[in-house]
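Undergrad:
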Amino acid sequence: MVLARAAPRYSKIGDQPPLLAVSGAVLAFGLLSDDSRVVRAGSRMIAAHLLATAVKNAIKGQVDRTRPTVLVKEGRYDMKPGHTDTKEQTSFPSGHSAGAAAVACAFVREFPDQALAAYGAAGAIALAQIPRCAHYPTDVGSGIAIGWLSEAVTSKLLDRFFKGSAHLPFSSAASR
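Numbering of the sequence shown is given in our numbering, commencing with residue 2 and proceeding in unit increments.
Next up, the structure:
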């Protein structure tokens with residue numbers, strides 16, 4: 002129950018601005034410390050988060066789903082095609098989950114030894130959406146899938162860029 006009570010506080014890092022700030026900070030740290038691996042991690046985190054956000058927004062723009070708070074407070078539930086942009090009608094999919102998963106997967110791509118911590122943090126952010134009554138479990142699962150797929154796509158693109166840029170300080174070749 003402690004986890005559920007703390008959920009509103011720690012889940013806020015899953016919002017778009019904090020996730021971009023964390024990702025940007027990783028990139029900046031890598032640039033300042035001349036660490037190509039950290040630069041790549043930050044670059045991957047930003048790219049994956051931006052794609053996950055775009056995909057999430059595209060889906061939210063096509064699906065109207067009442068949030069659990071509406072169901073609890075008003076006894077009303079809806080899920081249908083639609084274009085409503087009010088917060089109460091945009092439960093599907095979870096943006097916090099999509100962003101957290103994308104950023105965690107991107108970080109782990111460069112730092113696989115940190116997988117438990119990164120995935121644990123992303124999982125806590127994603128799962129916190131359920132006791133907060135912000136999202137249904139299917140919203141969270143869909144968000145995680147969007148984040149994972151977004152990272153996979155951006156990783157393929159960035160791998161080509163990093164390999165084709167051996168002269169740049171953040172390339173895979175430069176870190177060897």
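Don't be surprised by glycine CBs; every beta carbon is placed ideally from N, CA and C. In this text, all values refer to a predicted model and were calculated from it rather than measured experimentally.
1. Going by beta-carbon coordinates alone, are C134 and P82 separated by less than 8 Å?
2. In chain order, what residues of the same chain lie with their CB nearer than 6 Å to the CB of G96, ignoring the 5 residues before and after it?
3. Quick one: give me the first and last residue of the beta strand (DSSP E) that D65 is part of.
4. Can you grab the Cα-Cα spacing for the pair A122 / G31, in whole Å?
5. Beta carbon of G148, beta carbon of S92: below 8 Å?
6. Taking P132 as part of the beta strand (DSSP E), name the residues at either end of that continuous run.
7. Go through its chain and collect everything with a Cβ distance to V64's Cβ below 6 Å, but skip five positions before and after it.
8. Tell me the DSSP secondary structure of T91 in three-state form.
9. The alpha helix (DSSP H) spanning P69 covers which residue range?
10. Leaving out five residues on either side along the sequence, give the residues of the same chain with a beta carbon under 8 Å from the beta carbon of V27.
11. Pick from K61, A101, T139 and V154: whose alpha carbon is nearest that of K88?
12. Just grab the DSSP bridge partners of M46 for me.
13. Within the continuous alpha helix (DSSP H) that includes P18, where are the two ends?
14. Return the bridge partner residues of P82 from the DSSP annotation.
15. How many angstroms separate the CA atom of L128 from the CA atom of L117?
16. Let's test the definition: count the other Cβ atoms within 10 Å of the Cβ of R77 and tell me whether it reaches 16, buried, or not, exposed.
17. Please list the terminal residues of the continuous alpha helix (DSSP H) segment that includes F108.
TA: Taking the structure as given:
1. Along the sequence shown, one-based indexing puts residue 134 at 133. Along the sequence shown, one-based indexing puts residue 82 at 81. For C134 and P82, no; Cβs fall outside 8 Å.
2. Position 95 of the sequence shown, counted from the first residue, corresponds to residue 96. Excluding residues within five positions, the ones whose Cβ falls inside 6 Å are K57.
3. Position 64 of the sequence shown, counted from the first residue, corresponds to residue 65. Unbroken beta strand (DSSP E) run through D65: V64 to R66.
4. Position 121 of the sequence shown holds residue 122. Position 30 of the sequence shown holds residue 31. Their Cα atoms are separated by approximately 21 Å.
5. Along the sequence shown, one-based indexing puts residue 148 at 147. Along the sequence shown, one-based indexing puts residue 92 at 91. In this structure, S92 does not lie closer than 8 Å to G148 by Cβ.
6. Stepping through the sequence shown from its first residue, residue 132 is reached at position 131. Here P132 belongs to no beta strand (DSSP E), and DSSP marks it neither H nor E.
7. Translated into the one-based positions of the sequence shown, residue 64 becomes position 63. Here the set comprises F93.
8. Counting from one through the sequence shown, the residue named residue 91 turns up at place 90. DSSP places T91 in strand when its eight states are reduced to three.
9. Taking the sequence shown and counting its residues from 1, the one referred to as residue 69 is at position 68. Per DSSP, P69 belongs to the alpha helix (DSSP H) from P69 to E75.
10. Position 26 of the sequence shown, counted from the start, is the residue given in the question as residue 27. So the list reads V39, A42, G43, M46 and F108, once near-sequence residues are dropped.
11. By 1-based counting over the sequence shown, the position of residue 88 is 87. Looking at the Cα atoms, K61 is the closest of the given residues.
12. Within the sequence shown, numbered from 1, the residue matching residue 46 stands at position 45. Answer by DSSP bridge pairing: none, since M46 is not bridged.
13. Sequence index remark: in the sequence shown, residue 18 carries index 17 (1-based). Q17 to L33 is the extent of the alpha helix (DSSP H) around P18.
14. Your numbering for residue 82 matches position 81 in the sequence shown. Partner(s): V64.
15. Taking the first residue of the sequence shown as 1, we reach residue 128 at position 127. Taking the first residue of the sequence shown as 1, we reach residue 117 at position 116. Approximately 16 Å between the Cα atoms of the pair.
16. As a first step, residue 77 is located in the sequence shown; it is residue number 76 there, counting from the start. Exposed is the call here.
17. Mapped onto the sequence shown, residue 108 falls at position 107. Its alpha helix (DSSP H) spans residues G96 to E111.
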